[in-house]
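Report on the following structure.
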Amino acid sequence: MAKLRHSRLDCAPGCAVEAAISLIDGKWKAVTLYHLQDGPVRFNELRRRSGSVTQRMLTNQLRELETDGLIEREVFAQVPPRVEYRLSERGGTLLPIIEALKTWGDANMDLFARR
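Numbering (full-length UniProt numbering), first residue to last: 1 to 115.
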C-alpha cells in the first residue's frame with residue numbers, strides 16, 4: 001500500500017524537504033537508487049547487492065519507487081520472465097543527493113560503530 005503524500009507543499013517551513021524525504025525514506029530506497037546509478041539491474045542482483053533485505057520488502061520498496069516515478073520497471077517476455085529496474089529521468093536527478101549521503105556516511109562511519 002502506497003503511503004499518503006503531501007497534497008500541498010506550502011504547509012510549513014521545511015515541508016518541501018519533508019515531502020522530498022518521504023520519497024526516499026525507508027531503509028532500502030536510497031540503497032536501491034544507489035545500486036541503480038550505473039544502469040539497469042535485475043531484481044535478484046539488487047537483492048544480492050542490498051544485503052539483508054527480504055524479497056517482500058524489496059518488492060514493496062521498488063513498487064513505491066516506481067509509483068513515485070523514480071525508477072522504471074521493464075519486463076521481458078521470456079521464460080522465466082526477466083525484470084530489470086533502472087532509474088527514471090527524475091530518479092537520476094537524485095543521484096547527487098545519494099552520492100552526498102554516501103560521502104557523509106563514509107566520513108561518519110564511527111557513528112554507526114556505536115550502535
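By construction, the Cβ of each residue, glycine as well, lies at the ideal position given by its N, Cα and C atoms.
Does residue i come out as helix, strand or coil in the three-state DSSP assignment?
| i | result |
| --- | --- |
| Leu87 | strand |
| Val17 | helix |
If residue i and residue j are in contact, beta carbons under 8 Å, what's the gap, nearest whole angstrom?
| i | j | result |
| --- | --- | --- |
| Val31 | Ser50 | 6 Å |
| Glu58 | Leu46 | In the sequence on display, residue 58 carries Leu and not Glu. The Cβ separation is near 6 Å, so the contact holds. |
| Leu33 | Leu111 | With a Cβ gap of about 22 Å, Leu33 and Leu111 do not count as contacting. |
Using CA coordinates, which residue listed in the options is at the minimum distance from residue i?
| i | options | result |
| --- | --- | --- |
| Ser88 | Ser22, Ile21, Pro40 and Gln55 | Pro40 |
| Leu65 | Ile21, Ala113, Arg114 and Cys15 | Ile21 |
| His35 | Arg82, Met109, Asp106 and Lys102 | Lys102 |
| Ile98 | Ala19, Lys29, Glu18 and Arg82 | Lys29 |
| Asn60 | Arg82, Asp25, Phe76 and Pro80 | Asp25 |
| Arg90 | Val79, Glu18, Gln78 and Leu23 | Leu23 |
| Arg73 | Lys27, Gln37, Arg42 and Met109 | Arg42 |
| Gln37 | Arg86, Ala100 and Pro81 | Arg86 |
Report yes or no: is there a C-beta of chain C within less than 8 Å of the C-beta of residue i?
| i | result |
| --- | --- |
| Glu66 | Protein chains in the displayed structure number just one, and chain C is not present. |
Continuous alpha helix (DSSP H) assignments of at least 4 residues falling wholly in the UniProt domain "HTH hxlR-type" (15-113): As far as the UniProt domain "HTH hxlR-type" (15-113) is concerned, its whole alpha helix (DSSP H) runs of at least 4 residues are 15-24, 29-35, 43-50, 55-67, 89-92, 95-107 and 110-113.
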